[in-house]
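Plus 156 on top of the position in the sequence shown (first one is 1) and you've got the numbering used here.
The beta-carbon is built from N, C-alpha and C at its ideal position, and this holds for glycine as well.
Following: one structure in structure tokens, then a few remarks.
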Amino acid sequence: MGVAEGIRKHGFRKWYERELLGSHGWLVLTFLCTIGLFAAFEGLSLGRGGDARLGNLVAIGVCGVVGVVALRRYLGRLMHAEAAANQAVCARCEAYGRLEVTAEDRAGEQLRVRCRRCGHEWTMHV
Ligand SMILES: [Zn+2]
């Protein structure tokens, strides 16, 4: 779901809240992968050979890759939401997040929005 569609469907404040919750879900996955990495390194340090060693090496690889992807998604989604939130204040009446999307460009990178309180319009770069 794009930003414009999300704001139209839920309103800006709910959209922002959902983005924060979603991004922190990725943070939780990053944390779990970190625990998995520590456990796998601990398993390797115990010095068991054969299948246990191979299993720990596979766990290190999987947890490392998934953890990096989850961290990137966490940071990307969080920064995206914060960038939108920083532009969600009406310059005329200073209302925060009380806006509606009136138009968007094809790429969905610029939104034309209108304040619900005073009708002021501005462009958000998302
Ligand atoms: Zn306003």
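State the Cα-Cα distance for the pair Val-159 and Val-245, rounded to the nearest angstrom. Distance between the alpha carbons of Val-159 and Val-245 is about 16 Å.
Classification of Ala-208 by the beta-carbon crowding that lies within 10 angstroms, buried from 16 upward: exposed
Boundaries of the beta strand (DSSP E) in which Val-257 is found, first to last residue: 255-260
Enclosing beta strand (DSSP E) for His-166 [first to last residue]: Taken as a continuous stretch (DSSP letters only), His-166 belongs to no beta strand (DSSP E), being part of the alpha helix (DSSP H) at 159-166.
What is the C-beta distance between Gly-192 and Ala-226, in whole angstroms, given that I count them as a contact (C-beta under 8 Å)? The Cβ separation is near 11 Å, so there is no contact.
State the Cα-Cα distance for the pair Cys-219 and Arg-169, rounded to the nearest angstrom. Taking the straight line from one Cα to the other gives about 34 Å.
Determine the direct distance from the alpha carbon of Ala-247 to that of Leu-267, and round the result to whole angstroms. 16 Å
Is the stretch 171-181 close to the stretch 234-244, with three or more CB pairs under 8 Å? Verdict: yes, contact present.
Helix, strand or coil, according to DSSP, for Cys-271 in the structure here? strand
Output needed for Arg-233: all residues of its chain with C-beta closer than 8 Å, excluding positions within five of it in sequence on either side, in chain order. Glu-175, Gly-178, Ser-179 and Trp-182
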